[in-house]
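Colleague: Taken in order, the sequence shown gives residues 854 to 996; the numbers are from my numbering. Here's a structure for you.
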Amino acid sequence: MAFEVGIQFLDDYGRTTTRRFQNTEALIADALASVGTLITDFLMTSDLGTMKHDIAVRTVCDNAADTGANKDVGGTLHCVLDNAKLYPLKIPGIKPSMLNTDGSIDLENAAITTYVANFETAGKFRVSEGNWVVDVLYGELDG
Numbered sequence: 854m855a856f857e858v859g860i861q862f863l864d865d866y867g868r869t870t871t872r873r874f875q876n877t878e879a880l881i882a883d884a885l886a887s888v889g890t891l892i893t894d895f896l897m898t899s900d901l902g903t904m905k906h907d908i909a910v911r912t913v914c915d916n917a918a919d920t921g922a923n924k925d926v927g928g929t930l931h932c933v934l935d936n937a938k939l940y941p942l943k944i945p946g947i948k949p950s951m952l953n954t955d956g957s958i959d960l961e962n963a964a965i966t967t968y969v970a971n972f973e974t975a976g977k978f979r980v981s982e983g984n985w986v987v988d989v990l991y992g993e994l995d996g
């Protein structure tokens, strides 16, 4: 198994740049250790600092697109997060059946509520800076 690694670097002016690498370790614990070593080695060669690093497992997810699917047709759910900030939860290639006749997203649609639940308090995913969705104000087609 290989892990995808992203390291975000920071300069003295607050600007960032990210570099991505593939790690060949078989276990996540070993991947974490080797990334720590890579960062230590990097810091000996560069004046930049590091902000964060991500380690991920790349998987193949073979789901065919529906007939007529178009990535340019998207929708946005305008959400409120637990920190009271607004967050645009994007749905690229939104299905026409998710829309009301006026082009707004049907917030009562079971598929929409099920999808949003992934980002709510009991869900397994967070958005923005680790926050969760507490409310959806409205949804609309991107235009």
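All C-beta atoms in this analysis are idealised placements derived from N, C-alpha and C, irrespective of residue type, glycine included.
1) According to DSSP, is phenylalanine 972 helix, strand or coil?
2) Confirm, please, whether the CB-CB distance from phenylalanine 972 to tyrosine 942 is below 8 angstroms.
3) Please report the distance separating the alpha-carbon of tyrosine 940 from that of leucine 901.
4) Tell me where the beta strand (DSSP E) around alanine 909 begins and ends.
5) Glycine 867: buried (16+ other C-beta within 10 angstroms of its C-beta) or exposed?
6) Pick helix, strand or coil for leucine 952, following the three-state DSSP scheme.
7) Hey, could you find the ends of the alpha helix (DSSP H) phenylalanine 895 is sitting in?
8) Are glycine 946 and leucine 994 close, meaning C-beta to C-beta below 8 angstroms?
Modeller: Quick look at the numbers:
1) coil
2) It should be pointed out that residue 942 corresponds to leucine in this sequence rather than to tyrosine. In this structure, leucine 942 sits near phenylalanine 972, with a CB-CB distance shorter than 8 angstroms.
3) Rounded to the nearest angstrom, the two C-alpha atoms are 31 angstroms apart.
4) If you look at alanine 909, you'll find it in the beta strand (DSSP E) that goes 902-910.
5) An exposed status is given to glycine 867, since fewer than 16 other beta-carbon atoms sit within 10 Å of its beta-carbon.
6) strand
7) 881-896
8) no
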